[in-house]
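In our numbering, the protein residues as written are 1 to 541. Below: one structure, written as structure tokens.
The following block contains the structure:
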């Protein structure tokens with residue numbers, strides 16, 4: 001049963017998938033990886049499942065079903081070949097082995113005592129999900145974690161190294177590349193991403209694919225699905241000598257060479273065992289007839305089924321969780337409003353707090369509810385956004401939207417014609433839009449604090465907000481003493497934030513976007529002049 005070639009195929013496939021998805025997050029456009037990247041996101045399990053639900057059971061979002069079918073047939077090949085976080089763990093394992101003594105490089109079979117913990121984590125994750133919160137999915141899903149690492153750690157590192165190369169070549173009058181812009185990320189997001197990175201690195205370096213078989217909800221689901229695959233790894237009673245060489249290289253610690261037993265719920269089909277066996281005593285076969293040396297444990301499988309039935313019954317009786325963070329924020333806003341009424345107008349511009357009652361979600365996300373129910377915080381939209389107005393957040397939407405991104409108009413603004421985020425979102429949290437459709441999506445509405453404006457307080461002309469508004473929702477009208485002041489037309493506003501970004505008042509803006517909980521349709525521009533020229537590359541002052 002010499003089948004070492006299967007390992008080589010697995011390595012090639014996993015590296016292609018890893019590089020294609022990593023390049024997608026880094027913004028590197030090289031064929032054929034660019035062509036493969038977005039379709040490969042459709043094969044990621046939880047993103048595909050959420051996309052299927054977001055698009056009302058669309059056939060185009062059936063990637064998760066393909067993963068289930070292939071797991072039933074061939075075992076957990078998704079975990080070894082198509083999961084980018086799994087490939088990252090394999091790289092960590094390979095590097096760690098080089099720094100270990102020979103005897104410490106060996107893995108050893110462990111009994112499945114952790115299955116109660118493993119399936120408890122899965123059950124709690126599903127309970128949170130069905131109760132209306134993706135908190136644990138956002139924290140444990142492998143594609144979500146790969147995205148966090150890529151957007152929060154790998155992309156900044158890549159930009160820093162790229163710019164270092166650019167500046168070094170410039171000193172020798174070699175102008176092959178242009179520097180890339182990099183924006184600061186929230187410190188809490190960086191800390192959490194670093195914690196995830198260190199946790200996965202330590203677990204992989206010490207115990208192989210331990211994360212996949214304890215904390216990963218996708219690994220637990222596919223472990224249940226593939227407990228008895230049609231094609232499976234199987235010990236040969238005639239050829240196996242019990243030398244343990246296969247067991248020593250098993251990253252999932254699922255091979256018991258002494259009893260010639262394979263725990264298929266933990267096996268990730270890395271095929272390392274085939275290359276290590278000198279006698280061909282282990283191979284990949286079509287469902288062998290089970291003898292006294294059994295490959296799987298029916299009693300354990302029955303326990304799993306009963307456990308899942310109990311979990312499903314419990315889910316039906318749970319009320320939806322409702323987070324109270326928004327209520328607390330409303331109380332704080334009311335306090336600020338009362339302080340403002342007591343103190344009156346500010347003595348200089350930008351001193352009156354603005355009241356962002358609602359966060360602004362990306363165009364195409366339909367509503368706050370739709371977005372928080374489908375976004376897994378993979379940050380692919382953050383990486384793809386050319387103006388970097390989409391930023392990671394920690395608690396912008398409360399527990400139910402843990403670490404999901406939002407739009408920060410202090411940092412930048414949303415390009416009027418840009419639809420990048422709608423093209424790359426793998427979950428359907430941001431639905432695909434054409435530029436024509438996007439121009440009429442009202443993700444928020446402009447609000448103007450006349451008592452905080454430079455024109456009112458300082459008695460000087462400004463007009464930055466009107467100059468940068470692409471829909472003419474903000475226009476300058478006569479005020480007094482030859483001055484002009486902004487006048488807003490909310491029905492024309494699409495909530496792009498160009499006015500807020502351009503407004504020079506600090507620390508608070510005199511004009512800002514109030515996010516819409518449910519996106520509306522803006523009124524189309526009626527004259528024949530069209531939208532104003534895009535000032536993407538212009539500094540407001």
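Where a beta carbon is used, it is the ideal one built from N, C-alpha and C, also for glycine. All of these numbers come straight from a predicted model, not from anything done at the bench.
Comparing C-alpha distances from residue 432 to each of 264, 396, 484, 362 shows the shortest one belongs to 362. The alpha helix (DSSP H) runs lying completely inside the stretch 377-422 and spanning 4 residues or more are 380-384, given in chain order. In this structure, DSSP gives residue 514 an extended state, which the three-state scheme calls strand.
Taking C-beta atoms under 8 Å as the contact rule, residue 426 and residue 47 qualify, at a distance of about 4 Å.
By the neighbour-count criterion, in which 16 or more other beta carbons inside 10 Å mark a residue as buried, residue 104 falls on the exposed side. CA-CA distance, residue 158 to residue 448, rounds to 40 Å.
Residue environment: residue 471 is assigned as buried (16 or more neighbouring CB atoms within 10 Å of its CB, all protein chains considered). DSSP places residue 39 in the helix class (H, G or I) of the three-state scheme. A Cβ-Cβ distance of about 19 Å is found for the pair residue 87 and residue 253, leaving them out of contact under the 8 Å criterion. Taking each of 287, 282, 250 in turn and checking the Cα distance to residue 228, the smallest one comes out for 287. Exclusion of the five residues before and after residue 217 leaves 122, 125, 140 as the residues of its chain whose Cβ lies within less than 6 Å of its Cβ. Judged by their CB atoms, residue 248 and residue 107 are nearer to each other than the 8 Å cut-off. Collapsing the DSSP output to three states places residue 57 in coil. In this structure residue 519 touches residue 366 by the C-beta definition: roughly 6 Å separates them, less than 8 Å.
Per the DSSP secondary-structure output, residue 256 pairs in a beta bridge with 261. With fewer than 16 neighbouring CB atoms inside 10 Å of its own CB, residue 417 falls in the exposed class.
Here the C-alpha atom of residue 6 lies approximately 14 Å from the C-alpha atom of residue 277. For residue 271, the closest alpha carbon among the candidates 80, 179, 45 is that of 80.
Going by DSSP, residue 118 is part of the alpha helix (DSSP H) stretching over 115-130. Annotation: the continuous alpha helix (DSSP H) that includes residue 143 extends over 142-149. As the crow flies, the alpha-carbon of residue 183 is around 32 Å from that of residue 96.
In this structure, the beta-carbon distance from residue 257 to residue 246 falls below 8 Å.
With fewer than three CB-CB distances shorter than 8 Å, the stretch 402-409 does not count as touching the stretch 450-465. By alpha-carbon distance to residue 505, the top candidate from 456, 493, 488, 198 is 456. By the beta-carbon neighbour count (other beta carbons within 10 angstroms, threshold 16), residue 364 is buried.
Residue 474 is a Cβ neighbour of residue 486, given a cutoff of 8 Å. Contact between the stretch 126-138 and the stretch 389-408 is present: 3 or more CB-CB pairs across the two stretches fall below 8 Å.
With a threshold of 16 other beta carbon atoms within 10 Å, residue 477 falls short and is exposed. Of the candidates 438, 201, 498, 149, 498 places its Cα closest to the Cα of residue 446. When secondary structure is reduced to three states using DSSP, residue 69 falls in the helix class. Under DSSP, residue 484 forms a beta bridge with 478. In the DSSP assignment, residue 195 falls within the alpha helix (DSSP H) that extends over 187-207.
Annotation for residue 231: the continuous beta strand (DSSP E) segment containing it runs 231-235.
Between residue 200 and residue 152 a beta carbon distance of about 13 Å is seen, past the 8 Å cut, so the two are scored as non-contacting. DSSP, reduced to helix, strand and coil, places residue 249 outside both helices and strands of the structure shown, so it counts as coil.
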